[in-house]
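A.B. asks: Residue numbering for the sequence shown is 18 to 244, as defined by my numbering. In this text, a Cβ means the ideal position worked out from N, Cα and C, and glycines have one as well. This is the structure, below, for whatever I ask next.
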Amino acid sequence: MRLRFRLSALIFGIVLTFSPANAQEPIQIKVAERYTLAADQVYRHDPARHNATHQLTLTLVYFTGSDWPRNAMVEAARKVAEILERCGMLLRQVELVRVDAPRRYHYLNTPISRELARTLQLAKPTVYFVTDTRHQPAFDAEAIGRGNSQTRPELADSVWVTRATRDVGVALAHELVHVLSDSGQHVDLPGNLMREQTAPENTQLTGAQCAQLREVGAKNGLLHVMK
Numbered sequence: 018m019r020l021r022f023r024l025s026a027l028i029f030g031i032v033l034t035f036s037p038a039n040a041q042e043p044i045q046i047k048v049a050e051r052y053t054l055a056a057d058q059v060y061r062h063d064p065a066r067h068n069a070t071h072q073l074t075l076t077l078v079y080f081t082g083s084d085w086p087r088n089a090m091v092e093a094a095r096k097v098a099e100i101l102e103r104c105g106m107l108l109r110q111v112e113l114v115r116v117d118a119p120r121r122y123h124y125l126n127t128p129i130s131r132e133l134a135r136t137l138q139l140a141k142p143t144v145y146f147v148t149d150t151r152h153q154p155a156f157d158a159e160a161i162g163r164g165n166s167q168t169r170p171e172l173a174d175s176v177w178v179t180r181a182t183r184d185v186g187v188a189l190a191h192e193l194v195h196v197l198s199d200s201g202q203h204v205d206l207p208g209n210l211m212r213e214q215t216a217p218e219n220t221q222l223t224g225a226q227c228a229q230l231r232e233v234g235a236k237n238g239l240l241h242v243m244k
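In structure tokens, the structure reads:
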């Protein structure tokens, strides 16, 4: 989580209000393409399945005409897989969904983004790779869990990643932990993924953090217990 221009703690419960879209304008949103990544496209090695207890399905959304290249999203998914594997979690499926939508939907903006999510009805957790955010304060990436989505339920269990995000894979893993554990908590532990500022060297999770995200994620139906 990186705040533009200055450091700040995550505001996990923030709700911002913007002018709604023209109610008379027809919604022009459609799925243009779906592509599922094979396991060998996500994992650079044979994952330690004997140590895994939970599986996660990810839906990665991007827009036709956006400046998010597909390989950047694939690399981000690979980093997420690498980090979460240490918690006994495997990515069961990663689906890339390309969406045709007017430019206003390419930005995180609560009323517009609610409309987008409500129209698409995609599997969760859903990650939206957007151009930027209209929210203030402006974070490069934002997690919306159950605890901070009461007034915007369509956005629950989603992550929004802007083009300004650095170290995209680490940032995405950080935000996904917020969503899976339904918590905005940060820690000061050296090298920990949940430090307030994401960085390439901050990728570790403690046993307690892993246990919490597995327990809460499974309870909320975002993780699947392996048989």
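In three-state terms, what does DSSP make of Ala-134?
C.D. replies: Helix.
A.B. asks: Let me make sure I understand the geometry here. Which of Pro-142, Ala-228, Ile-100 and Cys-104 has the alpha-carbon closest to that of Ala-160?
C.D. replies: The candidate whose alpha carbon is nearest that of Ala-160 is Pro-142.
A.B. asks: Thinking C-alpha only, which one of Gly-201, Pro-217, Arg-121 and Glu-102 is nearest Gly-82?
C.D. replies: For Gly-82, the nearest C-alpha among the options comes from Arg-121.
A.B. asks: Exposed or buried, what is Met-211 when buried is set at 16 or more other beta-carbons lying within 10 Å of its beta-carbon?
C.D. replies: Counting Cβ neighbours within 10 Å, Met-211 comes out buried, since at least 16 surround it.
A.B. asks: Do the segment 49 to 57 and the segment 112 to 129 meet, that is, are 3 or more Cβ pairs less than 8 Å apart?
C.D. replies: Contact holds: three or more Cβ-Cβ distances are below 8 Å.
A.B. asks: Please report the distance separating the alpha-carbon of Pro-37 from that of Asn-126.
C.D. replies: Bear in mind that a pLDDT of 46 at Pro-37, under 50, signals an unreliable position, so the model cannot answer this.
A.B. asks: Pairing CB atoms from the segment 71 to 80 with CB atoms from the segment 156 to 172, are three or more of them under 8 Å?
C.D. replies: Segments in contact, no.
A.B. asks: When we look at the beta-carbon of Ile-129 and count the other beta-carbons within 10 Å, is it buried (16 or more) or exposed?
C.D. replies: It counts as buried.
A.B. asks: Taking the straight line between their C-alpha atoms, what separation do you get for Gln-45 and Gly-234?
C.D. replies: Their backbone Cα atoms lie some 33 Å apart in a straight line.
A.B. asks: For the alpha helix (DSSP H) that contains Glu-192, what are its first and last residues?
C.D. replies: Note, Glu-192: alpha helix (DSSP H), 185 to 198.
A.B. asks: Can you tell me which residues form a DSSP beta bridge with Lys-47?
C.D. replies: In DSSP, Lys-47 forms a bridge with Asp-117.
A.B. asks: What are the boundary residues of the alpha helix (DSSP H) that includes Leu-249?
C.D. replies: Because the chain spans 18 through 244 in this model, residue 249 falls outside it and cannot be assessed.
A.B. asks: By the 10 Å Cβ neighbour count, where 16 or more other Cβ atoms means buried, how is Gln-214 classified, buried or exposed?
C.D. replies: Counting Cβ neighbours within 10 Å, Gln-214 comes out exposed, since fewer than 16 surround it.
A.B. asks: List the whole-angstrom C-beta distance separating Gly-208 from Glu-218, where the pair is believed to meet the contact cut-off of C-beta under 8 Å.
C.D. replies: Contact holds; Cβ gap of about 6 Å.
A.B. asks: Can you have a look at Asp-57 and say buried or exposed, based on whether 16 or more other CB atoms are within 10 angstroms of its CB?
C.D. replies: Result: exposed.
A.B. asks: Closest to Glu-112 by CA distance: which of Val-147, His-123 and Val-91 is it?
C.D. replies: Looking at the Cα atoms, Val-91 is the closest of the given residues.
A.B. asks: Would Leu-139 and Leu-197 be called neighbours here (beta carbons separated by less than 9 Å)?
C.D. replies: Cβ distance not < 9 Å, so Leu-139 and Leu-197 don't count as in contact.
A.B. asks: Should Val-242 go down as buried or exposed, given a rule of 16 or more other Cβ atoms within 10 Å for buried?
C.D. replies: Val-242 is exposed by the Cβ-count criterion.
A.B. asks: Would you say Gln-202 touches the ligand MG, meaning its beta carbon is less than 8 Å from a heavy atom?
C.D. replies: Ligands displayed in this structure: none; no statement on the ligand MG is therefore possible.
A.B. asks: Just to confirm the assignment: which complete beta strand (DSSP E) runs, minimum length 3, are found wholly within the segment 124 to 168?
C.D. replies: Segments of the beta strand (DSSP E) lying fully in the segment 124 to 168: 143 to 146 and 158 to 161.
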